[in-house]
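Each residue of the sequence shown is one higher than the last, beginning at 472 in our numbering.
C-beta: ideal position from N, C-alpha, C; glycine also.
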Amino acid sequence: MNEEKVFKLKGKTLVIIDWADVCGWFKKLKREISPKNLFDYLKTYPEIIDVRFYFGIEKGNKKIRRISEKKL
């Protein structure tokens, strides 16, 4: 990726992503967001020590919250 860094981080940083919000980006960007590409991009920041993705699953009328963690 030859993109300019967007974040200006000061010190160790934990990134927590609510995947439901990322899915909403599709409307604005008009393209799918790849979890792998997002994770790879975040790894380019040496300050980021951990990345966690949170997502929910609906079963009937019950919402189940799952936590998926990706470690750098």
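Practice problem: Name the two residues that bound the continuous beta strand (DSSP E) containing residue 477. | Solution: Taking the first residue of the sequence shown as position 1, residue 477 is located at position 6. Counting along the chain, residue 477 falls outside any beta strand (DSSP E), and DSSP gives it neither H nor E.
Quiz prompt | residue 494 versus residue 487 - alpha carbon distance | solution = As a first step, residue 494 is located in the sequence shown; it is residue number 23 there, counting from the start. As a first step, residue 487 is located in the sequence shown; it is residue number 16 there, counting from the start. Whole-angstrom Cα-Cα distance: 15 Å.
Quiz item: With a CB to CB cut of under 7 Å and the five nearest residues on each side skipped, what residues in its chain are close to residue 513?
Solution: For the purposes of this step, residue 513 is taken as the residue at position 42 of the sequence shown. Cβ neighbours of residue 513 beyond the five flanking positions: 486, 519 and 522.
Quiz item: Going by the CB atoms, is the gap between residue 525 and residue 490 shorter than 9 Å?
Solution: As a working mapping, residue 490 is identified with position 19 in the sequence shown. As a working mapping, residue 525 is identified with position 54 in the sequence shown. Yes, they are a contact pair.
Quiz item: How big is the Cα-Cα spacing for residue 504 and residue 496?
Solution: Indexing the sequence shown from 1 puts residue 504 at position 33. Indexing the sequence shown from 1 puts residue 496 at position 25. Taking the straight line joining both Cα atoms gives about 8 Å.
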